[in-house]
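Shown next, in structure tokens, is the structure this report addresses.
Number of protein chains: 2
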Amino acid sequence: MQVTDQIIRNISRYTALEEQEKVDFLSLLSFREIAKKEAILKAGQPCQHLNYVHSGTLRAYCFDKEGKESTVMFAVADWWITDMFCFLNQKPAMLYIEALEGSSVFQLSRANFEHLFATQPSFERVFRILMQNAYTREQLRVIERLSLSAEERYDNFIAKYPQFVEKVPQKHIASYLGITPEFLSAIRRGKLGR
Amino acid sequence: MQVTDQIIRNISRYTALEEQEKVDFLSLLSFREIAKKEAILKAGQPCQHLNYVHSGTLRAYCFDKEGKESTVMFAVADWWITDMFCFLNQKPAMLYIEALEGSSVFQLSRANFEHLFATQPSFERVFRILMQNAYTREQLRVIERLSLSAEERYDNFIAKYPQFVEKVPQKHIASYLGITPEFLSAIRRGKLGR
DNA sequence: TTACTTTCTTAAGCTACCTTAATCTTTTTG
DNA sequence: CAAAAAGATTAAGGTAGCTTAAGAAAGTAA
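Note that the protein sequences, when read in sequence, are chains D and Z. Mapped onto my numbering, the consecutive letters of the first sequence carry residue numbers 29 to 222. Mapped onto my numbering, the consecutive letters of the second sequence carry residue numbers 29 to 222.
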């Protein structure tokens, strides 16, 4: 079993690949290991890679003008993560992406992303579906933010993403939900009392 | 000039189409006129269509358990709108979609959506890009909600979507931004004073 | 083991935004 | 056109969630 089996299995959920296509695809990727707390992207830098998480846990976040940190997404094995807007539009990154534990990713550069579509159009389908999933996920998050209380959003989060709850400090879950860690702590205390 | 020119021009921004491909694509669509306040989707119904807005203005919204309404998206000419999660996963709709003025759409059914990809793979690219745009738009909205005040979100909204500001009542803009119409009114009053 | 850092919790006072309800204005409809 | 409905504004009182600050707990490093 190879390290590349995992990503190939992931892609194969969306399109059937010939052996040669697998080889060609893999040749466009580079493997990168990331130490705990190491950043693979910092705001202001060019956002050059789309990252498939092979192992570990990553977090994307930004700062507002008062310096408050907001978590934009988490990614564990089999997730794709980047500052998508800046990756696609070739703008300096708005987001920081760093490892919450020792992690590893396969990186696809912006140029290879385009090259992939030009040479292997079946990857259009793969990314169409990945983008669809990402869109509906974010839209659901918008809807929950509009229509649920902080406590309800927390309940949904732990039901939907138990993998994250295990790996991620609560303060980051709070900043993903749009609340302070103090208030999340109060929510949790409330649950014990009941 | 035909009614179908507009949607063909929109698709052609993403992929070059042969004449026959245009014809085949158009044959999968149905044209529908929508009266002001008429709904093309209601929560609980099957979500059977992806809608390209040819003219007019549509709004997607939902209700929370207290009956409060939240606006999920607006769509004017050249936008695509549906309850994407339920359309893709064939679940009963969570959203209502209705016309804010007399409008017209081209509708692509779920079956024809799949048929399109099976017969004209170049549409994978079209929707890959549309889904990318939708994803980054929603992600930006999440980030703004996490890191900006209501007033800043309103300022950004009018800068980014002047077409909507013209067409849409303020109470719907308020519910899109996640605030009450009363509070939006207070924000606007504040701006005049300054 | 100790020391250091990070995370979590508690609690008191605070504020951005909400609720209610009345009035005013604009749009729609007959 | 008048009447009704829908939308916008104002203002007073209320609350969900924030801020600050301090201490406890847990993880990490030496």
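Note that the Cβ used here is the ideal one computed from N, Cα and C, for glycine as well.
Proximal chain D residues relative to Z:Met159, where beta-carbon distance stays under 7 Å: Taking the second sequence and counting its residues from 1, the one referred to as residue 159 of chain Z is at position 131. Result: Arg156, Met159, Gln160, Tyr163.
Contacting positions in the segment 60-75 of chain Z - beta carbon closer than 8 Å to chain D: none
Residue burial classification, Z:Glu47 (beta-carbon count within 10 angstroms, cutoff 16): Here residue 47 of chain Z refers to the residue found at position 19 of the second sequence. Flag for Z:Glu47 reads exposed.
Within 8 Å of chain Z by C-beta, residues of the segment 174-205 of chain D in sequence order: Leu174, Ser175, Leu176, Ser203
The segment 101-124 of chain D: positions lying closer than 7 Å to chain Z by Cβ: Met112, Phe113, Leu116
Helix, strand or coil at D:Pro149 according to DSSP, with G and I counted as helix: Indexing the first sequence from 1 puts residue 149 of chain D at position 121. If DSSP states are grouped into helix, strand and coil, D:Pro149 belongs with coil.
Residue from Z:Ile207, Z:Leu78, Z:Phe151, Z:Met159 with nearest C-alpha to Z:Leu136: The residue labelled residue 136 of chain Z in the question sits at position 108 within the second sequence. Ranking Z:Ile207, Z:Leu78, Z:Phe151, Z:Met159 by Cα distance to Z:Leu136 puts Z:Leu78 first.
Beta-carbon proximity of Z:Phe113 to D:Leu168, cut-off 8 Å: Walking along the second sequence from the start, residue 113 of chain Z turns up at place 85. Walking along the first sequence from the start, residue 168 of chain D turns up at place 140. Yes; because the gap between Cβ atoms is below 8 Å, this pair is in contact.
Amino acids of chain Z, ordered along the chain, whose beta-carbon sits closer than 8 Å to that of D:Leu253: One cannot answer for residue 253 of chain D here, as it falls past the ends of chain D, which runs 29 to 222.
Residue nearest to Z:Phe59 in terms of C-alpha spacing, selected from Z:Met101, Z:Ser40, Z:Gln34, Z:Gln73: Translated into positions along the second sequence, residue 59 of chain Z becomes position 31. Measuring from the Cα of Z:Phe59, the nearest candidate turns out to be Z:Gln34.
CB of D:Glu152 within 8 Å of CB of D:Phe141, strictly: Along the first sequence, one-based indexing puts residue 152 of chain D at 124. Along the first sequence, one-based indexing puts residue 141 of chain D at 113. Contact: no.
Status (buried if at least 16 other CB within 10 Å, exposed otherwise) for D:Met122: As a position in the first sequence, residue 122 of chain D is number 94, starting the count at 1. Answer is buried; the Cβ neighbour count reaches 16.
Cβ of Z:Ile171 within 8 Å of any chain D Cβ: Residue numbering aside, residue 171 of chain Z sits at position 143 when the second sequence is read from its first letter. Yes, Z:Ile171 lies at the interface with chain D (some Cβ there is under 8 Å from its Cβ).
Proximal residues to D:Gln191 (C-beta, below 7 Å), its chain only, five neighbours per side dropped: To locate residue 191 of chain D, count along the first sequence from 1; it is residue 163. Contacts found: Val104.
Exposed unless 16 or more other CB atoms sit within 10 angstroms - verdict on Z:Ser131: Locating residue 131 of chain Z in the second sequence gives position 103, where the first residue counts as 1. Flag for Z:Ser131 reads buried.
is_contact[D:Asp52, chain Z] using C-beta, thresh 8 Å: Counting from one through the first sequence, the residue named residue 52 of chain D turns up at place 24. Judged by the 8 Å Cβ criterion, D:Asp52 is not in contact with chain Z.
Given 8 Å, three or more beta-carbon pairs between the segment 195-207 of chain Z and the segment 91-100 of chain Z: yes
Interface residues of the segment 206-217 of chain Z facing chain D [CB-CB below 8 Å]: Gly206
Z:Glu210 CB to nearest heavy atom of the ligand ZN below 7 Å: Only the bare structure without any ligand can be found here, which leaves the ligand ZN out of the picture.
Which listed residue (Z:Tyr89, Z:Val196, Z:Ile36, Z:Ala178) has its alpha carbon closest to that of Z:Ala214: Mapped onto the second sequence, residue 214 of chain Z falls at position 186. Answer by Cα proximity: Z:Ala178.
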